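>
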Amino acid sequence: MIHTKIVGVFAVALWSWITMVDARFIGGRGVEKYVTFGQNYVVKWGQGHISTLHSGKEVDLYMDQSSGAGFESKNIYGSGLFQMRIKVPGGNSGGVLTSLGSNHDEIDFEFLGNNDGKPITLQTNVFANGEGNREERFLLWFNPIKHYHTYGILWNPYQIVFYVDNIPIRVYKNQNGVNYPSKPMQVEASLWNGDAWATDGGRTKINYAYSPFIAHFQDFSGLSGCYIDGRSDNVATCGSSNYWWNGGKYQRLSGYEQKIYEHIRKKYMNYDYCTKYQSPPRECY
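The sequence shown maps to residues -23 to -1, 1 to 262 in mature numbering (1 follows the signal peptide of the UniProt record, and there is no 0).
1) Whole angstroms are fine: how far does the CA of Ile137 sit from the CA of Val(-3)?
2) Would you call the CB atoms of Ala166 and Thr98 closer than 9 angstroms?
3) According to DSSP, is Ser28 helix, strand or coil?
4) For the putative contact between Val155 and Glu260, defined by C-beta atoms under 8 angstroms, what is the C-beta separation to the nearest angstrom?
5) Give every residue of the same chain whose Cβ lies closer than 6 angstroms to the Cβ of Tyr250, excluding the five residues on either side of it in the sequence, and list them in chain order.
6) Are the CB atoms of Met61 and Val164 nearer to each other than 9 angstroms?
7) Using the Cβ count rule (16 or more neighbours within 10 Å means buried), how would you classify Val65?
8) Three-state secondary structure (DSSP) at Ile183?
9) Would you please state the rounded distance, in angstroms, between the beta carbons of Asn91 and Gly71? I believe it to be under 8 angstroms.
10) Can you give the beta carbon distance from Tyr18 to Tyr204, rounded, assuming they're within the 8 angstroms contact cut?
11) Taking the Cβ atom as the reference point for each residue, do Phe115 and Ile146 lie within a distance shorter than 9 angstroms?
12) For Ala46 and Thr127, what's the separation of their Cα atoms in angstroms?
13) Quick one: using the 10 Å Cβ neighbour count with 16 as the cut-off for buried, is Gln100 buried or exposed?
14) Hey, Tyr227 and Asn106: beta-carbon distance below 9 angstroms or not?
15) Is DSSP giving Thr98 helix, strand or coil here?
16) Is Gly179 closer than 9 angstroms to Glu87 when the C-beta atoms are compared?
17) Buried or exposed: where does His124 fall if 16 or more other Cβ atoms within 10 Å of its Cβ makes it buried?
18) For a test of the three-state rule: what should DSSP assign to Thr13, helix, strand or coil?
19) Thinking C-alpha only, which one of Ser217, Gly199, Leu200 is nearest Tyr135?
20) Taking the CB atoms as reference points, tell me whether Asn69 and Tyr187 lie closer together than 9 angstroms.
21) Could you tell me if Lys21 is buried or exposed, where buried requires 16 or more neighbouring beta carbons within 10 angstroms of its beta carbon?
22) How is Arg259 classed by DSSP in three states: helix, strand or coil?
23) Which class does Ala46 belong to by DSSP, given the choice of helix, strand or coil?
24) Buried or exposed for Asp196, please, with buried defined as at least 16 other CB atoms from any protein chain shown within 10 angstroms of its CB.
25) Gly202 lies in the beta strand (DSSP E); which residues open and close that run?
26) Return helix, strand or coil for Lys150, following the three-state DSSP convention.
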């Protein structure tokens, strides 16, 4: 499973969240071209299972029976727009998790590996104050094994938006008194063993005969965020309207984005945690 997240330190997932979007197109904001891996990221774990290619413009994470690997952003953030291009492992990758996101609070993308010929599931999740279980899952309109695609997360005081190729697929609004990620986060990316739960509810285990499994990452320039110096957990200043990602057009989806968002969710989302509750939590309304 490929896990991306943003976290209390962002972890290709922000483990306090995970999101990726192409900042070169969203809002027309530019990002630096050809920023190398080492300028914005460092290896977090699995030192022998990471390869830097093309003068730092691409990084591959490897997973075999001995280890997976992960990297994280050098900086810690309190808001922003974060993106990366990813190509997930192919073949019989059931139980292999590729992630992008961050944690403590956490926002993340997780690719749930599968056996050859079966679709890869993209799972998103939001953790706040240590509470998660807010999974939404999608079967994408493309094969994420074959080509790179851009995954992004917008995180500001008003909303969290998960993007795939500049298309919003999930929105988590800061309203109705919901638990909302508010702690500093890093961007993290990792490749790890999730076979206890990731594929078929944990029934499909990793077949290491097909290892090493390889996840590919590009575009290390996509970090448009408010830096936290690491000495404070106060992210209030990162809500300032002086940061473009907190501006009016990023406080809600546009009418055009809303139409695409509704279409994508109707056609491609195959699990929504809100449906498992008889009385859904506040954010589901």
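Backbone N, C-alpha and C define an ideal beta-carbon position, used for all residues, glycine too. As the structure is a prediction and not an experimental result, all values here were calculated from the model.
This is what the structure gives:
1) Residue placement at Val(-3) is flagged as unreliable, the pLDDT there being 30, under the threshold of 50; the coordinate-derived value follows with that caveat. Each residue's Cα considered, the two are about 12 angstroms apart.
2) Not a contact, by the Cβ cut-off of 9 angstroms.
3) When DSSP states are grouped into helix, strand and coil, Ser28 belongs to the strand group.
4) Their Cβ separation, rounded to whole angstroms, is 4 angstroms, which keeps Val155 and Glu260 in contact under 8 angstroms.
5) Excluding residues within five positions, the ones whose Cβ falls inside 6 angstroms are Arg111, Glu112.
6) Yes, Cβ-Cβ distance for Met61 and Val164 is below 9 angstroms.
7) By the 10 Å Cβ count, Val65 comes out buried.
8) Correct three-state label for Ile183: coil.
9) Contact holds; Cβ gap of about 5 angstroms.
10) With a beta-carbon spacing of about 15 angstroms, Tyr18 and Tyr204 fall beyond the 8 angstroms limit used to define contacts.
11) With contacts defined as CB atoms closer than 9 angstroms, Phe115 and Ile146 qualify as a contacting pair.
12) Those two C-alpha atoms are separated by around 20 angstroms.
13) It counts as buried.
14) It is not a contact, given that the beta carbons lie outside the stated cut-off.
15) DSSP places Thr98 in the strand class (E or B) of the three-state scheme.
16) Not in contact: Glu87 and Gly179 (Cβ atoms no closer than 9 angstroms).
17) His124 is exposed by the Cβ-count criterion.
18) Under the three-state reduction of DSSP output, Thr13 falls in the coil class, being neither helix nor strand.
19) Ranking the options by Cα distance to Tyr135, first place goes to Ser217.
20) In this structure, Tyr187 lies closer than 9 angstroms to Asn69 by Cβ.
21) Lys21 should be labelled buried.
22) Looking at Arg259 - three-state DSSP - the assignment turns out to be helix.
23) The three-state secondary structure of Ala46, taken from DSSP, is strand.
24) Flag for Asp196 reads buried.
25) For Gly202, the enclosing beta strand (DSSP E) starts and ends at 200 to 205.
26) Reduced to three states, the DSSP call for Lys150 is strand.
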